[in-house]
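Take a look at the structure below.
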Amino acid sequence: MIKLLLTWVNLGEVYYRVYRRNGEIEAKKVLETVKKWPVEFLVGDEELTLAAAKVKALHLLSYADAFAIGAALQYKATVVTGDPEIKEASNKLGFPLLWLK
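This is the structure:
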């Protein structure tokens, strides 16, 4: 069985991007849609936050990307993305990646 994980930081990134492009109403619709998915939403507790901070300190990534990678490392999970910066980090850090582009 596949378990889907998403940090609130990364969902926040989706929200602000949709908000900028399409406005608040669309951003709220996307948020409500994603919240209905069978996903475990990860809160940035101490362990996850420090894992993300370590990734951010050692690699040229956004903080949101560092959270996705920190979660992947912590949960031994595959990152699903089309972000080239995360792809490059995958090669360096060795976490599994499912490329979307």
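The sequence shown begins at 1 in full-length UniProt numbering and counts up one residue at a time.
Backbone N, C-alpha and C define an ideal beta-carbon position, used for all residues, glycine too.
Excluding its 5 nearest sequence neighbours in each direction, A89 has C-beta neighbours in its own chain below 7 Å: H59, L61, I69, listed in chain order. Taking every protein chain shown into account, the CB of V43 has fewer than 16 other CB atoms within 10 angstroms, so this residue is exposed.
Cβ atoms of V39 and L5 come within 8 Å of each other, at about 7 Å.
Runs of beta strand (DSSP E) with 3 or more residues, each lying fully within the UniProt domain "PIN" (7-90), are found at 39-42, 79-81, listed in chain order. Non-local C-beta neighbours of T7 in its own chain, meaning closer than 6 Å and more than five positions away in sequence, comprise L42, F67, A71, ordered along the chain.
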